[in-house]
Amino acid sequence: MAEKVAIPRLLVTSCPAKKGKKRKTFLEKAAKKRSLDLARGKTKICIGTSFERWRQLKEDKGLKTDAMVAELLLHR
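When the letters of the sequence shown are read in order and numbered with the numbering used here, they come out as residues 2 to 77.
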């Protein structure tokens, strides 16, 4: 009878399996949202009824962003 030949194990040369990302808890998500909202709130202004005039000026001057309109008005 033929003898069994041992087959050598293959070396693992590829990257090991990636671990999935840890899911954030509800509290972590809420804290992140709160911090982003606070940061965004620091840049907001209320122009009230002048909103239409703001948009019209933006369009008339061919400006792409609200920041560009603000720069134009501040540097007059």
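All residues carry an ideal CB built from backbone N, CA and C; glycine is no exception.
Bear in mind the structure is a predicted one, so any value in this text is a computation, not a measurement.
Terminal residues of the alpha helix (DSSP H) in which residue i lies
i, result
"L64", "First-last for L64: undefined, no H or E at that position."
"K33", "F27 to G42"
Nearest candidate by alpha-carbon position, reference residue i, set the options
i, options, result
"I48", "H76, D67 and L37", "D67"
"W55", "H76, R41, A40 and A71", "A71"
Beta-carbon separation (whole angstroms), residue i vs residue j, contact threshold 8 Å
i, j, result
"E65", "L73", "It is Lys, not Glu, that sits at residue 65 in the sequence shown. Not confirmed; about 12 Å, so no contact."
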